[in-house]
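Engineer: Dropping a structure here in structure tokens format, bear with me for questions.
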Amino acid sequence: MRGLLILAVIILVMALVGWITFQNNDRQPAVILNTDKIEADTREIVHEGQEAATKAGQAVQAAVDEVRSDRRPDAPADEAKPATSAPN
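What follows is the structure in structure tokens.
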């Protein structure tokens, strides 16, 4: 029963975004899967994901560079780190 409900939700979402349409021409029902729209939408999603990953990578690199530049040039790497205590 849960699987049927999940399938119904997936079909409903696909219909809402325009990936699937239902028609009734001359007493012959039809389900049309718009593969061109699916392909275009997924291509756009992948592109946006790549842009987000690139921006996140740049932000991480900028943060790393900032931390590295905050270190004193004459201090060894171990001294530049904040002291932490080990749990007892």
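Residue numbers (UniProt numbering): 1 to 88. Built from N, CA and C at the ideal position, the CB exists for glycine as well.
Spatial neighbours of Ile45 within its chain, please: CB distance less than 7 Å, with the 5 preceding and 5 following residues excluded, ordered by chain position.
Structural biologist: The sequence position of residue 45 within the sequence shown is 45, counting from 1. Cβ neighbours of Ile45 beyond the five flanking positions: none.
Engineer: Can you tell me whether DSSP reads Val17 as helix, strand or coil?
Structural biologist: If you number the sequence shown from 1, residue 17 lands on position 17. If DSSP states are grouped into helix, strand and coil, Val17 belongs with coil.
Engineer: Do Thr21 and Val9 have their C-beta atoms closer together than 9 Å?
Structural biologist: Position 21 of the sequence shown, counting from 1, holds the residue named residue 21. Position 9 of the sequence shown, counting from 1, holds the residue named residue 9. Contact: no.
Engineer: Relative to the C-alpha of Val17, which residue among Asp70, Met1 and Thr35 is closest?
Structural biologist: Mapped onto the sequence shown, residue 17 falls at position 17. The residue with the shortest Cα to Cα distance from Val17 is Thr35.
Engineer: Looking at the unbroken alpha helix (DSSP H) that takes in Arg43, where does it start and where does it end?
Structural biologist: Walking along the sequence shown from the start, residue 43 turns up at place 43. It spans Thr35 to Asp70 - the alpha helix (DSSP H) in which Arg43 sits, taken as one unbroken run.
Engineer: To the nearest angstrom, report how far apart Ile11 and Thr54 are at their CA atoms.
Structural biologist: Mapped onto the sequence shown, residue 11 falls at position 11. Mapped onto the sequence shown, residue 54 falls at position 54. Computed Cα separation, rounded: 33 Å.
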